[in-house]
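Trainee: The structure that follows is given in the form of structure tokens.
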Amino acid sequence: MIERLDLQLSWLATFVAVVDHGGFTAAGRVLGRSQPRVSAHVAALEQALGDTLLIRTSKEVTLTAAGARFLPKARAALAAIQTGVDEVRTLRAELKGRVTVGGYPGLSAVLLAPLMQRFRRLHPGVTVVLREGDPPQLEEAIARGELDIALRTSDVPQVYHNVPSAHLFHEKIVLVAPKGHPLATASPVDLRLLSQETVMVTGDPYAGWADYRDRLDRVGADPVEIMVIAQATTISSMVAAGLGVAILGAFAAQVAVFGDDVVTRPLPAPLWQREIRVYRKAGRVSTRPVDAFLDLLHQEAPALTARTAAWPQ
């Protein structure tokens with residue numbers, strides 16, 4: 343005889359939220375519940391299971407052995423219920439549900455914004471939410487189940503190897519120089535001249551990570567100085583002011599570089615391209631809204647990125 347357990351979905355959702363957000367108060371903010379209510383949900387779940395799931399201290403909440411074993415089952419149960427709800431909703435003519443997409447600045451503006459606009463026109467019953475981040479942040483959000491899809495560069499190695507991904511396209515990388523600068527007129531671009539320049543690249547100035555520094559090393563360019571700047575718009579203004587040249591992803595350059603005093607030059611492939619992969623939420627059955635968004639991505643994205651990306655033939 344199978345033991346009957348009276349478990350409420352709200353208990354499972356609260357337990358998962360406490361783990362994902364690192365505490366009862368944070369989970370309460372996300373769920374819109376008071377901290378005592380969150381504690382009551384977890385306590386009720388523990389009582390129903392007959393074991394302690396979380397160790398509570400003043401500084402952190404950690405999983406017990408029982409909690410670590412139960413967590414993936416709770417996630418799977420919630421995902422299965424959500425999938426069932428989405429499938430029932432989509433039995434009607436209008437597609438309904440929610441898709442959470444992750445991207446990075448530049449790509450979000452050039453590709454995801456127009457794609458989301460077209461998707462909304464086709465499927466007004468589906469809410470599409472965008473979250474931006476750097477590659478590690480996007481991968482972690484996918485691994486934690488906070489995103490359905492993420493588009494990120496593969497230059498930064500993958501850490502969560504249970505997260506499925508697939509090649510999508512290569513984003514082109516371009517040089518940005520002041521008008522009249524030797525690098526703005528040379529044909530082809532002589533990258534050896536970068537050794538005489540201040541070169542600006544995007545990245546996290548405080549984490550020590552910068553786009554394209556490895557490629558500069560591979561062409562033997564040793565700039566006078568490399569400035570790591572977070573925002574492409576700042577880089578564009580710095581170049582326009584004659585403070586150096588820049589290497590940018592083509593998406594960021596398309597959005598941030600403007601005016602007659604700055605020139606954008608293509609750089610030779612394949613070195614000056616970076617792979618963009620699409621990452622999917624791990625361990626979860628896909629939903630029709632997510633599949634519909636991915637279908638539209640593959641249909642529309644090549645035309646939307648014709649000047650900025652190289653797609654498989």
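Just so we're aligned, residue 343 is where the sequence shown starts under our numbering, counting upward by one. Here a beta-carbon is modelled for each residue, glycine too, at the ideal position from N, C-alpha and C.
1) So, at 7 Å on beta carbons, what are the nonlocal neighbours of Lys623 in its own chain, with the 5 sequence-adjacent residues on each side left out?
2) With 16 other CB atoms within 10 Å as the buried threshold, where does Val427 fall?
3) Please report how far the alpha carbon of Gln389 lies from the alpha carbon of Ala359, in whole angstroms.
4) So, Val443 versus Val468, is the Cβ gap smaller than 9 Å?
5) Compute the Euclidean distance between the alpha carbons of Arg371 and Thr425, then round it to the nearest angstrom.
6) Return the CA-CA distance between Val605 and His503, expressed in angstroms with no decimal places.
7) List in chain order: all unbroken beta strand (DSSP E) runs of 3+ residues lying wholly within the segment 537-622.
8) Is the beta carbon of Leu457 sitting closer than 9 Å to the one on Leu639?
9) How far does the beta strand (DSSP E) with Val470 in it reach, from first residue to last?
10) Can you find the residues in the same chain that come closer than 8 Å, C-beta to C-beta, to Tyr446, ignoring five residues on each side of it along the sequence?
11) Pair every Cβ in the segment 508-515 with every Cβ in the segment 609-619, then say whether three or more of these pairs are closer than 8 Å.
12) Closest to Glu482 by CA distance: which of Asp556, Val505 and Leu396 is it?
13) Verify whether the separation of the beta carbon atoms of Val566 and Ser537 is less than 9 Å.
14) In angstroms with no decimal places, state the Cα-to-Cα distance between Val441 and Arg462.
15) Could you compute how far the alpha carbon of Met542 sits from the alpha carbon of His383?
16) Looking only at C-alpha atoms, which of Leu609, Gly562, Pro378 and Val561 sits nearest to Leu525?
17) Keeping to the same chain, check which residues put their C-beta closer than 6 Å to that of Leu396; ignore five residues upstream and five downstream.
18) Work out the CA separation of Ala419 and Leu472 for me, nearest whole Å.
19) Quick check on DSSP: helix, strand or coil for Ala624?
20) What residue from Ser529, Asp603, Leu533 and Pro631 has the CA that sits closest to Val430's CA?
21) Between Ile589 and Tyr554, what straight-line distance do the alpha-carbon atoms span, to the nearest angstrom?
22) Using the three-state DSSP reduction, which class does Ala492 fall into: helix, strand or coil?
23) Closest by CA to Met580, which one among Thr356, Tyr548, Thr544 and Ser529?
24) Checking 9 Å against the spacing of the C-beta atoms, do Val380 and Thr394 come in under that value?
25) Tell me which residue opens and which closes the beta strand (DSSP E) that Glu436 is part of.
26) Helix, strand or coil: which one does DSSP assign to Glu402?
27) Evaluate Ala528 with the Cβ neighbour count: other Cβ atoms within 10 Å of its Cβ, from every protein chain shown; 16 or more gives buried, anything less gives exposed.
28) With respect to the beta strand (DSSP E) encompassing Pro520, which residues constitute its N-terminal and C-terminal limits?
29) Out of curiosity, what's the CA-to-CA distance linking Glu642 and Asp532?
30) Pro654 lies in the alpha helix (DSSP H); which residues open and close that run?
Mentor: Let me lay it out:
1) Result list for Lys623: Ile484, Gly487, Leu489 and Asp490, in chain order.
2) Exposed: under 16 other Cβ atoms inside 10 Å.
3) Taking the straight line joining both Cα atoms gives about 18 Å.
4) No, these two residues do not count as a Cβ contact at 9 Å.
5) Each residue's Cα considered, the two are about 25 Å apart.
6) Spanning the two alpha carbons is a distance of roughly 40 Å.
7) For secondary structure counted as the beta strand (DSSP E) over 3 or more consecutive residues, the segment 537-622 holds these complete runs in sequence order: 540-546, 567-571, 587-591, 604-608 and 615-622.
8) Going by C-beta atoms, Leu457 is nearer than 9 Å to Leu639.
9) Element bounds for Val470: Val468 to Glu474.
10) Taking C-beta separations shorter than 8 Å and ignoring five residues to either side along the sequence, the partners of Tyr446 in its chain run Glu474, Gly475, Asp476, Pro477, Leu480, Leu493, Arg494 and Thr495, following chain order.
11) Yes: the two stretches touch, three or more of their Cβ pairs being nearer than 8 Å.
12) Nearest C-alpha to Glu482: Val505.
13) In contact: Val566 and Ser537 (Cβ atoms closer than 9 Å).
14) The alpha-carbon separation between Val441 and Arg462 amounts to approximately 11 Å.
15) Rounded to whole angstroms, Met542 to His383 spans 51 Å at the Cα level.
16) With respect to the C-alpha of Leu525, the residue from Leu609, Gly562, Pro378 and Val561 having the closest C-alpha is Leu609.
17) Sequence-distant partners of Leu396 (beyond 5 residues in either direction) whose C-beta falls short of 6 Å from its own C-beta, in its chain, are Val403 and Gly409.
18) CA-to-CA, the gap between Leu472 and Ala419 works out to about 25 Å.
19) Here Ala624 sits in coil by DSSP.
20) Ranked by Cα distance from Val430, the first of Ser529, Asp603, Leu533 and Pro631 is Pro631.
21) Those two C-alpha atoms are separated by around 8 Å.
22) Ala492: strand per DSSP, three-state reduction.
23) For the options Thr356, Tyr548, Thr544 and Ser529, the alpha carbon positioned closest to that of Met580 is the one of Thr544.
24) No.
25) No beta strand (DSSP E) contains Glu436, which DSSP labels as neither H nor E.
26) In the structure shown, Glu402 falls within a coil segment according to DSSP collapsed to helix, strand and coil.
27) The residue in question, Ala528, is exposed, as its Cβ has fewer than 16 Cβ neighbours within 10 Å.
28) Per DSSP, Pro520 is one residue of the beta strand (DSSP E) stretching across Ser507 to Pro520.
29) Rounded to whole angstroms, the gap between the alpha carbons of Glu642 and Asp532 is 35 Å.
30) No alpha helix (DSSP H) holds Pro654; DSSP gives it neither H nor E.
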